[in-house]
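For the record, the sequence lines run as chains A and B.
Quick note: the first sequence uses the numbering used here, first residue 2, plus one each step.
Quick note: the second sequence uses the numbering used here, first residue 172, plus one each step.
One structure below.
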Amino acid sequence: MDLFKEQVNRLFEPATFIGLSTVGFFMLVYSRRVWSTTSFWVGNVVLTLFFGLSALDPNFNKVITKPDNIPILIMVYTAWWTLWLSMNQAITNDQRMELGLPPDEQEDSGKKVWAWPDLVYTELLAMLLVGGLLVIWSIFLKAPLEEPANIADSPNPSKAPWYFLGLQEMLVYYDPWLAGVVFPGLIVVGLMAIPFIDFNPLGNGYFTFRARKFAITWFLFGYIVLWVVLIFLGTFLRGPNWNFYGPYEYWDPHKLEALVNINLSEYFWIKWFQQPLPSNWMIREIPGFVATLAYFSVVGFVLTKTYLKQMHQQMTTIRYGILMTLFLSMMALPLKMLLRWFFDLKYVIAIPEYFFNI
Amino acid sequence: MSRLANVKKSIARSQLWTAFFRHGYPDTDRNRVLVIMSNVLLHLHPVKVRKSGVKMKYTWCAGGLSFFLFLLETITGLLLMFYYRPTIEYAYVDIIDLREQVPLGIMRELHRWGAHAMVIAVWVHMFRVFMTGSYKPPREFNWNVGVILLVLTLLLSFTGYLLPWDQLAIWAITVGSNMARATPFLGHEGPGAALLRVGDVSLVHIGDDVRFALLGGRFVGAGTLLRFYVLHCVAIPLIAGFGMAIHFWRVRKDGGISGPL
Numbered sequence: 002m003d004l005f006k007e008q009v010n011r012l013f014e015p016a017t018f019i020g021l022s023t024v025g026f027f028m029l030v031y032s033r034r035v036w037s038t039t040s041f042w043v044g045n046v047v048l049t050l051f052f053g054l055s056a057l058d059p060n061f062n063k064v065i066t067k068p069d070n071i072p073i074l075i076m077v078y079t080a081w082w083t084l085w086l087s088m089n090q091a092i093t094n095d096q097r098m099e100l101g102l103p104p105d106e107q108e109d110s111g112k113k114v115w116a117w118p119d120l121v122y123t124e125l126l127a128m129l130l131v132g133g134l135l136v137i138w139s140i141f142l143k144a145p146l147e148e149p150a151n152i153a154d155s156p157n158p159s160k161a162p163w164y165f166l167g168l169q170e171m172l173v174y175y176d177p178w179l180a181g182v183v184f185p186g187l188i189v190v191g192l193m194a195i196p197f198i199d200f201n202p203l204g205n206g207y208f209t210f211r212a213r214k215f216a217i218t219w220f221l222f223g224y225i226v227l228w229v230v231l232i233f234l235g236t237f238l239r240g241p242n243w244n245f246y247g248p249y250e251y252w253d254p255h256k257l258e259a260l261v262n263i264n265l266s267e268y269f270w271i272k273w274f275q276q277p278l279p280s281n282w283m284i285r286e287i288p289g290f291v292a293t294l295a296y297f298s299v300v301g302f303v304l305t306k307t308y309l310k311q312m313h314q315q316m317t318t319i320r321y322g323i324l325m326t327l328f329l330s331m332m333a334l335p336l337k338m339l340l341r342w343f344f345d346l347k348y349v350i351a352i353p354e355y356f357f358n359i
Numbered sequence: 172m173s174r175l176a177n178v179k180k181s182i183a184r185s186q187l188w189t190a191f192f193r194h195g196y197p198d199t200d201r202n203r204v205l206v207i208m209s210n211v212l213l214h215l216h217p218v219k220v221r222k223s224g225v226k227m228k229y230t231w232c233a234g235g236l237s238f239f240l241f242l243l244e245t246i247t248g249l250l251l252m253f254y255y256r257p258t259i260e261y262a263y264v265d266i267i268d269l270r271e272q273v274p275l276g277i278m279r280e281l282h283r284w285g286a287h288a289m290v291i292a293v294w295v296h297m298f299r300v301f302m303t304g305s306y307k308p309p310r311e312f313n314w315n316v317g318v319i320l321l322v323l324t325l326l327l328s329f330t331g332y333l334l335p336w337d338q339l340a341i342w343a344i345t346v347g348s349n350m351a352r353a354t355p356f357l358g359h360e361g362p363g364a365a366l367l368r369v370g371d372v373s374l375v376h377i378g379d380d381v382r383f384a385l386l387g388g389r390f391v392g393a394g395t396l397l398r399f400y401v402l403h404c405v406a407i408p409l410i411a412g413f414g415m416a417i418h419f420w421r422v423r424k425d426g427g428i429s430g431p432l
């Protein structure tokens, strides 16, 4: 049993866990068969088995039974239910449209019904249901209250509220000015920009996947992998000193993790050219500047010839530029993860003199 | 029998009754119009809705539930304000009192779990709107209002997190607000802040940067508690309420619940 638990712990190491989540995500999104009723229940059983059996483990139990972690459980199930519900209807509609039929919603979108009773009663029932569940939840689970606030005694680990743990997890890979300020800002700006970037007129007011492959795939990637999965990781798998702890591992505050990460400039000057680091930061960081500029220009350009060829032809340059800036900023997170896992890269650009590290 | 019917009739015709209920039970077309038109809460709805749009499997009721949870938070929060004083002397003991002294008290629980549920409900609502492509023209503007409301929801939850003034609260806010010190140009440890100086005097330092403004001090303390309390109970709910008014109004103006054209 212990051996098995150890294997599971290893499966949840950040590189493996995020890697598997990404692969699993693309397999889910691109296979039509998955979105059947059977797999809905299979997903629920898998989730329930994982959480149910894991709760028997004293170490996992300690984390999952924290009252403020219950919402994450709800979030995980809700994410699966809503994902399934939308994709199931999308695939059904896609199949209908292949046969030349209109989407399911079209069948009665022309008909109108009275708001009273059809809409009002649905709302009432939903309110009663959710209100009732909240009352039950409140009776059986007390709101947490720890020791009085003490600025001199910082708990280890110190964690932000659960919905920000994805951002806190980003701090492993990026400095606070990016992970805590620029990226959250870009998430908000990026969400607001969606209707102005996505010029595709199809899929307005009904579920579909085929007609909106690009938009749905990458929105879901951001939402599921870079938000939900990272929150899960930040809550259940990060212990003292924000070190990684497997789900069944004891949160030992003395666990040491070797910091072996080095900067791109060190790779470039010391490892490859066998030279001391230039003292002038502008010269020292030239490889980083080139790499960053290349990432934002060359990748965007290459995509116009390959993956996004058709889309690029239909977009104005400004629109495409904004799309690429936002898209590549989002992809900068998984990219930095890969560079960290495989090359122990700390910073692409490191100018600690000005707190400017990327 | 006929006497009972007479009593019913005279009640229904009385000045008192007709002042409150201006029409009969909505089981005729005329009354179904009137019930929506003459009730301030119900008139958020149109009189008639697209049949495809009222189905649970299409909307998941997520937007409506977000609003319901906001109302629930307002009511429970108001009750909590009777007991809670936002100073470091009283905040923690008031929460203890709330737990120990108030009989059958689940208001704090309802408020806290309701807040978590609201965060999830708003995410689900956004997810549904995205998956049905409902942000597409003519609803681009309303999607933007919605994104702002999502941010406000998170800020409401974040500011409320500090108020119990226990270890969980103060350190979560410390971790969360530590990011602000790295804001480019505006935080004292942010890139570019060192460039903003006049001679030897730096304009952005630990005593005046954006984090200081947020916390009302150099660390999470009495000033922060008051600031977060005012933001949580007054400022953000007001802005969010205004945003919701625009959001709901825009839903109507853009043609109600989305559907295939």
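Yeah, the Cβ is synthetic: ideal placement off N, Cα and C, and Gly gets one too.
Please name the residue or residues paired with residue i in a DSSP beta bridge.
i	result
B/V220	A/V114
A/P396	Past the boundaries of the shown model lies residue 396 of chain A; chain A is included only from 2 to 359, so the question cannot be answered.
B/R352	Beta-bridge pairing links B/R352 to no other residue.
A/R239	A/F245
Can you grab the Cα-Cα spacing for the pair residue i / residue j, in whole Å?
i	j	result
A/M17	B/F239	The amino acid at residue 17 of chain A is misidentified as Met; the sequence shows Thr. So the alpha carbons of these two residues sit roughly 40 Å apart.
B/S181	B/F192	14 Å
A/R33	A/M128	34 Å
A/P254	A/T23	30 Å
B/L321	B/V293	6 Å
A/F357	A/F165	23 Å
A/K160	A/N242	10 Å
A/L142	A/G132	15 Å
A/W252	A/L125	45 Å
B/R283	A/I287	50 Å
B/I277	A/S139	6 Å
A/E170	A/G235	6 Å
B/V346	B/K228	39 Å
B/K307	A/M312	17 Å
A/P279	A/L334	28 Å
Can you tell me which of the three DSSP states residue i falls into?
i	result
A/I1	With chain A represented from 2 up to 359, any question about residue 1 of chain A goes unanswered, as that position is not in the structure.
B/R283	helix
A/F5	helix
B/V211	coil
A/L203	coil
A/N244	coil
A/L346	strand
A/A351	strand
B/S373	strand
B/R368	strand
B/F390	coil
A/N94	helix
A/F357	strand
B/C404	helix
A/F13	coil
A/P177	helix
Is the shortest distance between the beta-carbon of residue i and the beta-carbons of chain B less than 7 Å?
i	result
A/F141	no
A/E124	yes
A/V230	no
A/S37	no
A/F215	no
A/T1	The first residue shown for chain A is 2 and the last is 359, placing residue 1 of chain A beyond what the model contains.
A/G223	no
A/V411	Outside the displayed range of chain A (2 to 359) lies residue 411 of chain A, so it cannot be described from this structure.
A/L120	yes
A/N205	yes
A/M283	no
A/G181	yes
Closer than 7 Å, CB to CB, is residue i near chain A or not?
i	result
B/C232	yes
B/Q338	yes
B/G426	no
B/Y407	The residue you asked about is not Tyr; residue 407 of chain B is Ile in the sequence shown. So, not an interface residue.
Listing by chain order, which chain C residues have their CB less than 8 Å from the CB of residue i?
i	result
A/E148	Absent here is chain C; the protein component of the structure consists of chains A and B.
*Any residues in the segment 41-74 of chain A with a beta carbon nearer than 8 Å to a beta carbon of chain B? Which ones, in chain order?*
Identification of residues in the segment 41-74 of chain A having a C-beta nearer than 8 Å to some C-beta of chain B yields D69, I71, P72, given in sequence order.
_To be precise: take each residue of the segment 152-164 of chain A, compare its Cβ to all Cβ atoms of chain B, and keep it if any distance is under 7 Å. Which residues remain?_
Listed by position along the chain: I152, S155, P156, S159, K160, A161, P162, Y164.
*Contact residues within the segment 234-266 of chain B, judged by C-beta distance below 8 Å to chain A*: Listed by position along the chain: G235, L236, F239, L240, L243, I259, Y263, I266.
*Selection of the segment 99-113 of chain A by Cβ proximity to chain B, strictly under 9 Å*: Correct list: P103, P104, D105, E106, Q107, E108, D109, S110, G111, K112, K113.
*Using a Cβ cut-off of 8 Å, which residues of the segment 369-398 of chain B contact any Cβ in chain A, in chain order?*
Taking 8 Å as the Cβ-Cβ cut-off against chain A, the residues of the segment 369-398 of chain B that qualify are F390, V391, G392.
*Which residues, in order along the segment 302-319 of chain B, keep a beta-carbon less than 7 Å from a beta-carbon of chain A?*
Hits within the stretch, in order: M302, T303, G304, S305, Y306, K307, E311, W314, N315, V318.
_What are the residues in the segment 257-272 of chain A lying within 9 Å of chain B by C-beta distance?_
Residues of the segment 257-272 of chain A that bring their beta carbon within less than 9 Å of a beta carbon in chain B are absent altogether.
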